[in-house]
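Here the sequence shown is numbered in our numbering, starting from 2 and rising by one per residue. Backbone N, C-alpha and C define an ideal beta-carbon position, used for all residues, glycine too. Structure record follows, encoded as structure tokens.
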Amino acid sequence: MLSDEIPVVGNVELDVPSLGKIKGLSYDDQTCQYLGIQYGEVPGRFRRPNPPAHWKDGCYDGTKLGPYCPQPPRDFYPIPAAARPWLEMPGTDEFNCLNLNISVPHMPKSNLELLPVMVFLHGGAFAYATGSAPIYDGRILATTAATDLARPTIIITLNYRLGVYGFLAGRDIEAYNKEHGESGVGNYGIWDQALALQWIQKHISGFGGDPQRVTLFGQSAGGVSVSSHLLRGEPLFSSAIIQSGLLRLCGVMSIDEYQICYEKMLLALGISLDLTPAERVKQILAADVEKVTAAMVPTFVIPVITMSLCDDGVLIPGPMPTAGEYEKFSIPRWCPNVMMGDCKNECIIWNKSWDTMSPAPMPKSADLSTPTASGLLQKMNTFLGPEKAKAVAEIYKITPTMSDQDTFNAIERFTTHGMYSIPHYFAEHSSPNVYAWHFDVPSPYDNAWGGMAHHSFDNVLIWGVLKHTLPEAHQRISELMQEKWVKFAHGEAPWQRFGEEKKWMVFKEHGAQMMSKEEDVGRGYEEWDRLHELGLVADFADLSDEICLRRKDVLTLDSQAVLKRAIDSSSADKHLGWGVL
2 MLSDEIPVVG NVELDVPSLG KIKGLSYDDQ TCQYLGIQYG EVPGRFRRPN PPAHWKDGCY
62 DGTKLGPYCP QPPRDFYPIP AAARPWLEMP GTDEFNCLNL NISVPHMPKS NLELLPVMVF
122 LHGGAFAYAT GSAPIYDGRI LATTAATDLA RPTIIITLNY RLGVYGFLAG RDIEAYNKEH
182 GESGVGNYGI WDQALALQWI QKHISGFGGD PQRVTLFGQS AGGVSVSSHL LRGEPLFSSA
242 IIQSGLLRLC GVMSIDEYQI CYEKMLLALG ISLDLTPAER VKQILAADVE KVTAAMVPTF
302 VIPVITMSLC DDGVLIPGPM PTAGEYEKFS IPRWCPNVMM GDCKNECIIW NKSWDTMSPA
362 PMPKSADLST PTASGLLQKM NTFLGPEKAK AVAEIYKITP TMSDQDTFNA IERFTTHGMY
422 SIPHYFAEHS SPNVYAWHFD VPSPYDNAWG GMAHHSFDNV LIWGVLKHTL PEAHQRISEL
482 MQEKWVKFAH GEAPWQRFGE EKKWMVFKEH GAQMMSKEED VGRGYEEWDR LHELGLVADF
542 ADLSDEICLR RKDVLTLDSQ AVLKRAIDSS SADKHLGWGV L
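Here's what the structure looks like:
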């Protein structure tokens, strides 16, 4: 069935013992969906979530998608929009966006066995996207699991707070939280996810799901989220899949660093820094949601706004791990089965940030930047110092005479290594019981990222909603990846553990196979080992972060620059889409 064919048959009602009666949608492929279920309440801006109120009269309308979090615009997205005309897409709502969607396969009434559950945390740099986007419609994966794989599985997607609503922190906000009896500051979106997982543990059995067999999986910022929940230590799931994103991918800021971002937000909103901390908080709490959302653009500077976790010592006890500490990565006993992997061309997503290494600003209509070798080498020297910069340049064969295209390719490759591949590589060696993979399948779509195994393209294959838009070879890989993910959720080994032979499953356009370092030529293993030998892993990761996330610019409080960017962004054309990062 094509994704834009209308498969709805009618409504279905389910009595959930712990909640009441819920009305859902029934489809002609015999799956059911219960949509927009509120799992929490937002008591106020920059506050921890609370459990939801009881269903009014013991009933709930689960036939409509719930609102998602307000977010800034994105002007480029490399994956076609999936059609879903039978469902009206919701709007945004800062205070009513904590909801989830449950897709349940048809099961004979005689079958009393509770089913495995897969809970997905969407990506989007903690600033964009929604778990209700059509590409994440769990009906397709639930149908595939039950019908084609004979492994019925419940699929859950959810919304959580994003952007400043989910992650802004600072000393003023910390004091505000403390006044309300809440420890720590920021990370509200992660606390939202934790509340959703608690809700699932408490109620999923009423939908036929097994709370003892919950697989938490997430991609990009969603992968960072999964990594965070493993480190939090609350056993709310029993297995995990980390796609393209261990913690620190989107950066980590201290409370004092976030205070700078907070003060930039105040300036962008026209709130004086000369006010008392309490008055500043009062004014930003009262600020209009549209103005607050717009103020993110001049505050966080980079083309793809990226929110960081706050190292507040509360979300995760002790300091959050650095890129150089993944040699100590460990899996908690309560979650013994973990899959992790990355895409070959991850950092293409941040290529517009590389415009700072170009001789002239890139045109607004362009989708790819044009950094030069001289600009790159200057950035490396400034950030690392001459000696370390020379070592990195030698390892990655970066020379002053490189063409612009070769420079672009070199930046994409080594930042992908620094932000994704190297943390995974050392985590896999530290915890060899993981199931490790690489994704090398090129996108067939006709756009600036076409032909690359880019960040987020793996989602297209795993969810299967856009399968009908893919060539035959891609469809077969899609089916294979769905099989591996679902089998893992059922407690089966998707392939051999990394430690058995130190091999990765490598997904390619025309098949997949287990490969060792020696067999997987050109991946970058030699470069990663050399960086480790020279003690440059942490420096290299920080350089990659600076090139893509431009932390120096983000953490520079320049009132005139903030105000100028606010004016520029208010007059720019806006193109809002559900970018998946």
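Return the residue from the list the options that minimises the CA-CA distance to residue i.
i      : options                           : result
Cys311 : Ser255, Val293, Leu377 and Pro362 : Ser255
Lys518 : Ala437, Leu385, Leu276 and Lys391 : Ala437
Ala222 : Asn160, Glu183, Tyr263 and Lys203 : Asn160
Val522 : His533, Val507, Gly190 and Asp289 : Val507
Trp486 : Arg75, Met341 and Arg281          : Met341
Met420 : Gly252, Asp405 and Asp407         : Gly252
Phe168 : Lys203, Gln202, Ala126 and Arg152 : Ala126
Leu36  : Gly11, Pro52 and Lys65            : Lys65
Ile191 : Pro50, Glu388 and Lys503          : Pro50
Ala195 : Glu395, Ile317, Pro299 and Asp16  : Ile317
Asn100 : Leu274, Pro320 and Thr131         : Thr131
His230 : Glu264, Glu388, Ala176 and Phe121 : Phe121
Leu88  : Trp56, Phe238, Pro320 and Pro8    : Pro8
Glu258 : Glu280, Asp193, Ala361 and Ile174 : Ile174
His533 : Arg48, Val118 and Pro424          : Pro424
Trp355 : Pro337, Phe330 and Met381         : Met381
Under a three-way DSSP split, which group does residue i fall into?
i      : result
Ser245 : coil
Pro278 : helix
Leu577 : Legend: pLDDT at Leu577 = 44, less than 50; position of this residue unreliable, value from coordinates given subsequently. In this structure, Leu577 counts as coil in the three-state DSSP scheme.
Ile103 : strand
Gly21  : strand
Leu369 : coil
His439 : strand
Lys380 : helix
Thr32  : coil
Arg531 : helix
Lys503 : coil
Cys60  : strand
Met297 : helix
Ser572 : For Ser572, the pLDDT reaches just 45, beneath the cut-off of 50, and the residue's location in the model is therefore unreliable, leaving the point undetermined.
Gln497 : coil
Met453 : coil
Thr357 : helix
Thr417 : helix
Val339 : strand
Ile80  : coil
Asp16  : strand
Leu1   : Any property of residue 1 remains undetermined from this structure, which presents the chain solely from 2 to 582.
Phe409 : helix
Thr470 : helix
Gly207 : helix
Leu26  : strand
Leu582 : Here the model assigns Leu582 a pLDDT of 43, short of 50, so the residue's position is not dependable, and the following value carries that caveat. Of the three classes helix, strand and coil, the one that applies to Leu582 here is coil, per DSSP.
Asn51  : strand
Lys509 : strand
Tell me, to the nearest whole angstrom, how far the beta carbon of residue i is from that of residue j; I am working on the premise that it is less than 8 Å.
i      : j      : result
Tyr397 : Glu528 : 7 Å
Cys344 : Glu413 : About 11 Å; that fails the 8 Å criterion.
Pro91  : Pro68  : 5 Å
Val393 : Leu550 : About 18 Å; that fails the 8 Å criterion.
Ile285 : Ile272 : 6 Å
Arg162 : Cys70  : 5 Å
Thr154 : Pro106 : 7 Å
Ile136 : Ile80  : 7 Å
Glu484 : Leu150 : 6 Å
Gln497 : Met515 : 7 Å
Gly185 : Val315 : 3 Å
Gly224 : Gln244 : 5 Å
Taking the beta strand (DSSP E) that residue i belongs to, which residues open and close that run?
i      : result
Glu347 : No beta strand (DSSP E) contains Glu347, which DSSP labels as neither H nor E.
Leu116 : Leu116 to Leu122
Ala513 : Gly512 to Met516
Gly210 : Gly210 to Gln220
If you follow the alpha helix (DSSP H) that residue i is part of, which residue opens it and which one closes it?
i      : result
Gln260 : Ile256 to Ala269
Lys488 : Glu473 to Ala490
Tyr426 : Ile423 to Ser431
Phe458 : Phe458 to Trp464
Val305 : Neither: Val305 is in no alpha helix (DSSP H) and is coded neither H nor E.
Pro387 : Pro387 to Ile396
Val538 : Val538 to Leu550
Looking at chain B, is there any beta carbon in it that lies within less than 8 Å of the beta carbon of residue i?
i      : result
Gln497 : Absence of chain B from the displayed structure is noted, only one protein chain being present.
Compute the minimum distance between the beta carbon of residue i and the heavy atoms of the ligand HEM, and state whether it is under 7 Å.
i      : result
Ile399 : For the structure depicted, the ligand HEM is absent and the ligand set is empty, with no information on it obtainable.
**Every unbroken beta strand (DSSP E) within the region 140-195, with a cutoff of 3 residues, ordered by chain** = Fully enclosed beta strand (DSSP E) runs of 3 or longer: 155-159.
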